[in-house]
Amino acid sequence: MKEYINNNNWHDYFLESINVDYEKATIKLSFGNKLSNIECINFIGMQYLGQWDESVVADINIIEEDEFCLTNRLAVRKNNPTEYVGGGVKSIGDVWYHVVVKLIDNVSIHIVCTKINVKDSKLQA
Numbered sequence: 001m002k003e004y005i006n007n008n009n010w011h012d013y014f015l016e017s018i019n020v021d022y023e024k025a026t027i028k029l030s031f032g033n034k035l036s037n038i039e040c041i042n043f044i045g046m047q048y049l050g051q052w053d054e055s056v057v058a059d060i061n062i063i064e065e066d067e068f069c070l071t072n073r074l075a076v077r078k079n080n081p082t083e084y085v086g087g088g089v090k091s092i093g094d095v096w097y098h099v100v101v102k103l104i105d106n107v108s109i110h111i112v113c114t115k116i117n118v119k120d121s122k123l124q125a
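First residue of the sequence shown? That's 1 in the working numbering, and the numbers climb one at a time after it.
Spelled out as structure tokens, the structure:
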């Protein structure tokens, strides 16, 4: 999924919403009559600063085990007993992914998770 997202042209997609629950963060995007949901499964952390009035996507990338993942890993270790499986499914030893959604006004949304799925569909007329 990492290659699919990194090689897709996300420019001009519209950020419809980001929904976060215990298990995942879902990034809902639209482009014309196409809907795409990027599911960040086993959600761990998020940073989203400076939203003003722009919701047009410039790019979306996934990075594996970078500095933002390390920052989240350190916070989890500090705040939780990591010898247990988080939520029954997450492990401190899993590979963690950093999903970066960059908007055209340079606002960046950062989400860390352990698995990513993309679901595409068409808008109903």
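All C-beta atoms, glycine included, are put in the ideal place defined by N, C-alpha and C. Just so you know, these numbers come straight off a predicted model, no measurement behind them.
- Which residue's Cα is closest to the Cα of I27: G50, E3, N33 and S55? Start at 1 with the first residue of the sequence shown, and residue 27 comes out as number 27. Checking every option, the nearest Cα to that of I27 belongs to S55.
- Please report how far the alpha carbon of K115 lies from the alpha carbon of Y48, in whole angstroms. Within the sequence shown, numbered from 1, the residue matching residue 115 stands at position 115. Within the sequence shown, numbered from 1, the residue matching residue 48 stands at position 48. Looking at the two C-alpha atoms, the distance is approximately 20 Å.
- Message: Tell me which residue opens and which closes the alpha helix (DSSP H) that K102 is part of.
- Response: As a position in the sequence shown, residue 102 is number 102, starting the count at 1. The continuous stretches of alpha helix (DSSP H) do not include K102, which lies in the beta strand (DSSP E) extending over residues Y97 to L103.
- State the beta-bridge partners of Q47 as determined by DSSP. Position 47 of the sequence shown holds residue 47. Residue pairing by DSSP puts Q47 in a beta bridge opposite H110.
- Item | Residues of its chain near Y4, where Cβ-Cβ distance is below 6 Å and the 5 sequence neighbours each way are ignored | Position 4 of the sequence shown, counting from 1, holds the residue named residue 4. Excluding sequence positions up to five before and after Y4, its CB lies less than 6 Å from no other CB in the same chain.
- Would DSSP call L74 helix, strand or coil? Position 74 of the sequence shown, counting from 1, holds the residue named residue 74. Collapsing the DSSP output to three states places L74 in a helix.
- Message: Just to confirm the assignment, what range does the alpha helix (DSSP H) spanning K2 have?
- Response: Position 2 of the sequence shown, counted from the first residue, corresponds to residue 2. That run of the alpha helix (DSSP H) goes K2 to N7.
- Query: Who does S30 pair with in a DSSP beta bridge?
  - Reply: Numbered from its first residue, the sequence shown carries residue 30 at position 30. Looking at the DSSP output, S30 shares a beta bridge with F14 and L35.
- Task: Kindly identify the DSSP beta-bridge partner or partners of S121.
- Result: The residue labelled residue 121 in the question sits at position 121 within the sequence shown. Beta-bridge pairing links S121 to L35.
- Message: Would the stretch 96-110 count as touching the stretch 57-70 if we require 3 or more Cβ pairs under 8 Å?
- Response: Result yes; three or more Cβ-Cβ pairs closer than 8 Å.
- Query: Ordered along the chain, which non-local residues of its own chain (more than five positions away) have a Cβ less than 8 Å from that of I127?
  - Reply: Outside the shown range of the chain (1 to 125) lies residue 127, about which nothing can therefore be said.
- Message: Just to confirm my understanding: we take D94, look at its own chain, exclude 5 residues before and 5 after, and list those with CB closer than 7 Å. What are they?
- Response: The residue given as residue 94 occupies position 94 in the sequence shown. Closer than 7 Å at the Cβ level, and outside the excluded window around D94, lie T114.
- Locate the beta strand (DSSP E) running through V57, then write down its first and last residues. Residue 57 sits at position 57 when you count from the first residue of the sequence shown. Looking at the DSSP string, the run of the beta strand (DSSP E) that includes V57 is V57 to E64.
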